Amino acid sequence: MLDLLISHKMLSTAANFLESTNNLRDFMISRLIRAHGEMGQIRVAIQWLDQAKRIELGRCLCCYNAVLEVLVRGFRVRLARVLFDQIVEEGLVKPDVLTYTLMIKGLCKVGLVEDAMKVFDEMTCRPSLVTYNVVVDGLCKKGLMESARERGELEEARKCMGEMVKRNCEPNVVTYNALINGFCLVGRIDEAKRTMEKMRLSGLRENVATHRSLLQGMCIVGRPDDAAKHLKVMMSVGVKPDVKAYGVVFNGYCKIRRPDRAMEILDEMRVRDIVPSVSSLNALITLLCDLRELDKAIVILKETPWGCSPNFLSYNTVICSLCRVGGRTRDVEELVLGLIRRGYLLDTTIYSLMVEGYSKDGDVEMAMGVLRTMIGKRFIIQLQSFSVFVKELCSKGRASEVNEAFEEICGKPNRLKNAMEWILLEVDVRLVSNVLSNRLTFEGAAHRKLVPRLLRAIAASTMHENEKQSRCNEADTIRWIIKASISSTYLSLHIYSRWRFPLYVYRRIMEGIDAIGVLASSECISNLRQESL
1 MLDLLISHKM LSTAANFLES TNNLRDFMIS RLIRAHGEMG QIRVAIQWLD QAKRIELGRC
61 LCCYNAVLEV LVRGFRVRLA RVLFDQIVEE GLVKPDVLTY TLMIKGLCKV GLVEDAMKVF
121 DEMTCRPSLV TYNVVVDGLC KKGLMESARE RGELEEARKC MGEMVKRNCE PNVVTYNALI
181 NGFCLVGRID EAKRTMEKMR LSGLRENVAT HRSLLQGMCI VGRPDDAAKH LKVMMSVGVK
241 PDVKAYGVVF NGYCKIRRPD RAMEILDEMR VRDIVPSVSS LNALITLLCD LRELDKAIVI
301 LKETPWGCSP NFLSYNTVIC SLCRVGGRTR DVEELVLGLI RRGYLLDTTI YSLMVEGYSK
361 DGDVEMAMGV LRTMIGKRFI IQLQSFSVFV KELCSKGRAS EVNEAFEEIC GKPNRLKNAM
421 EWILLEVDVR LVSNVLSNRL TFEGAAHRKL VPRLLRAIAA STMHENEKQS RCNEADTIRW
481 IIKASISSTY LSLHIYSRWR FPLYVYRRIM EGIDAIGVLA SSECISNLRQ ESL
């Protein structure tokens with residue numbers, strides 16, 4: 001009955017059942033603790049431990065071990081160590097081999113192998129085969145294999161295996177696999193192969209995990225071609241490569257940027273009716289996009305030749321790459337439609353890059369349409385994309401439409417609005433500089449709006465960085481202005497446009513220059529000081 005309730009995750013009913021049958025004992029409560037741990041309810045598991053301690057007067061080793069298992073599985077190793085030390089200090093129960101094994105495993109999982117070895121040395125009971133396997137695996141993965149060449153600690157795992165044999169605890173396939181994996185992680189492939197031969201001589205047969213470690217080691221040292229040959233060796237000894245084994249070789253070719261060989265591995269997988277993972281497909285697509293082989297990436301998305309359906313990330317990678325290179329808007333549109341047909345929704349990144357891509361191609365009408373769609377869906381366009389869009393409009397003499405687009409965005413959060421204002425300000429400055437350099441006058445509705453907006457940018461000095469709408473000081477504003485090298489533009493405005501700045505504007509510019517110690521031209525500073533008097 002209890003098994004049925006736990007399998008259906010009816011833990012409250014299971015607890016009531018135990019209580020009604022007077023079976024709230026150490027072992028039964030430990031089963032509830034493990035069940036709560038599998039559901040991620042660590043706090044409830046600890047509460048059950050406290051209840052077990054009250055019922056059993058602290059003599060509840062099964063519950064202690066169950067909580068340790070839950071904590072180690074959830075990477076709560078620090079809390080597990082506190083509980084382990086509590087068990088040892090209280091002395092109400094004597095830790096058994098499972099208690100020590102769980103603590104050693106937890107410490108090895110987080111890389112504290114030296115602490116794990118201290119716990120191993122302090123064991124008051126005989127280690128089991130599982131304990132030795134955990135220690136060997138920890139020594140090989142983290143057990144100072146990286147520094148083995150300097151401190152000679154590579155032999156620790158071998159010594160541990162020798163100790164196992166002396167205590168009549170024969171190493172099994174898991175033990176040998178851990179040691180082989182350790183050698184492969186540091187690129188010592190020959191020693192890994194010798195260890196595999198030793199395993200065969202001891203009467204054990206290697207499995208796919210053994211060969212997968214060898215494949216990984218070959219790829220680590222930059223020998224994916226040897227790894228591809230080893231796939232055939234595996235089949236010759238009766239070990240069938242699985243999707244993970246092929247994936248190791250595939251990733252090895254991707255790392256050295258050889259998409260042709262990577263695709264050959266996928267072709268071989270298709271022949272053997274092995275479907276690659278979507279992560280492998282995405283790795284290939286990313287590599288093709290990095291190498292600017294976008295046409296191949298598009299074919300993979302459309303045809304899915306290896307039986308693996310692309311996901312949102314697959315489409316997103318190709319669409320973003322096409323938008324960045326420009327001139328591929330038709331392909332972008334087709335892929336976006338394919339993405340939508342698969343049931344995915346476009347996100348801010350895709351919308352923003354579409355606006356940027358259309359702007360780079362000079363199709364501001366389509367860019368404006370996508371931007372309006374974004375605004376309608378309450379998406380926030382990325383600043384870089386909006387900047388490209390604004391500059392393209394201005395270059396086509398449609399500066400007035402910038403204001404219209406900006407007004408539509410004004411309904412968005414203040415942080416975006418103010419960021420957009422700075423982009424518009426930068427565009428305004430370029431337009432003003434163009435007018436001044438050509439000795440032109442500020443005529444027309446678009447140009448007449450520039451000077452007031454520039455003045456407001458200096459005078460307002462308001463940046464809503466967060467929900468508290470904290471204000472920055474004038475010096476921060478002037479720092480941006482000076483950094484953009486436009487102080488001379490502001491100084492020249494009243495000369496060529498006959499627009500005289502208010503007195504406080506000049507004073508704020510001077511205060512900003514004094515506050516941040518900007519190195520401005522002497523002529524600029526003298527003119528500013530004269531105007532501020």
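Residue numbers (UniProt numbering): 1 to 533.
A virtual CB, placed ideally from N, CA and C, is assigned to each residue, including glycine.
On a predicted model such as this, the values are computed, not experimentally measured, just so you know.
The DSSP assignment places complete alpha helix (DSSP H) segments of no fewer than 4 residues inside the region 41–110 at 42–56, 61–73, 77–90, 97–109, in order along the chain. By alpha-carbon distance to residue 222, the top candidate from 294, 187, 159 is 187. Between residue 363 and residue 326, the C-beta gap is not smaller than 8 Å, which leaves the two residues out of contact.
For residue 319, the closest of 305, 285, 304 by C-alpha to C-alpha distance is 285. Measuring C-alpha to C-alpha distances from residue 219 to each of 334, 181, 198 identifies 181 as the nearest. The beta carbon of residue 28 sits closer than 8 Å to those of 2, 18, all from its chain and outside the five residues before and after it, given in chain order. Between residue 82 and residue 104, the gap from beta carbon to beta carbon reaches 8 Å or more. Residue state for residue 342 is assigned as coil, using DSSP reduced to three classes. Under the three-state reduction of DSSP, residue 217 is assigned to helix.
Remark: C-beta atoms of residue 349 and residue 311 do not approach each other more closely than 8 Å. Residue range 11–20 is occupied by the alpha helix (DSSP H) that includes residue 11.
Within the same chain, 173 come within 6 Å of residue 204 by CB-CB distance, once the 5 residues on both sides are set aside.
In this model, residue 251 and residue 158 are separated by some 30 Å (Cα to Cα). Nearest Cα to residue 382 within the set 376, 392, 371: 371. Rounded to whole angstroms, the gap between the alpha carbons of residue 266 and residue 278 is 12 Å. A Cβ-Cβ distance of about 6 Å is found for the pair residue 208 and residue 245, placing them in contact under the 8 Å criterion. Residue 222: not part of any alpha helix (DSSP H); DSSP gives it neither H nor E. Using a 10 angstroms sphere on the CB of residue 233, the tally of other CB atoms stays under 16, which defines it as exposed.
Non-local C-beta neighbours of residue 401 in its own chain, meaning closer than 6 Å and more than five positions away in sequence, comprise 393, ordered along the chain.
Rounded to whole angstroms, the separation of the alpha carbons of residue 52 and residue 12 is 16 Å. Under the three-state reduction of DSSP, residue 396 is assigned to coil, being neither helix nor strand. With 16 or more neighbouring CB atoms inside 10 Å of its own CB, residue 216 falls in the buried class. Residue 353 and residue 302 have their C-alpha atoms some 21 Å from each other. One Cα belongs to residue 231, the other to residue 241, and the distance between them is close to 7 Å.
Setting aside the 5 residues that flank it on each side, residue 253 is surrounded in the same chain by 224, 261, 262, each with a C-beta closer than 6 Å to its C-beta; the list follows chain order.
Out of 122, 106, 98, 308, the CA that lies nearest to the CA of residue 74 is found in 106. Taking the C-beta atoms as reference points, residue 119 is found no nearer than 8 Å to residue 132. A direct Cα-to-Cα measurement between residue 109 and residue 77 gives close to 9 Å.
Ranked by Cα distance from residue 283, the options 273, 308, 344 are led by 308. Residue burial annotation: residue 156 is buried, with at least 16 other C-beta atoms found within 10 angstroms of its C-beta. Residue 372 carries a helical assignment under DSSP once its states are collapsed to helix, strand and coil.
Selection 184, 243, 376, 333 evaluated against residue 273 yields 243 as nearest (Cα-Cα).
If you check the CB distance, residue 178 and residue 136 come in under 8 Å. When the alpha-carbon of residue 167 is set against those of 67, 128, 357, the nearest one is in 128. Runs of alpha helix (DSSP H) with 4 or more residues, each lying fully within the region 255–343, are found at 259–271, 278–290, 294–303, 312–325, 329–341, listed in chain order. Here the alpha carbon of residue 102 sits roughly 38 Å from the alpha carbon of residue 226.
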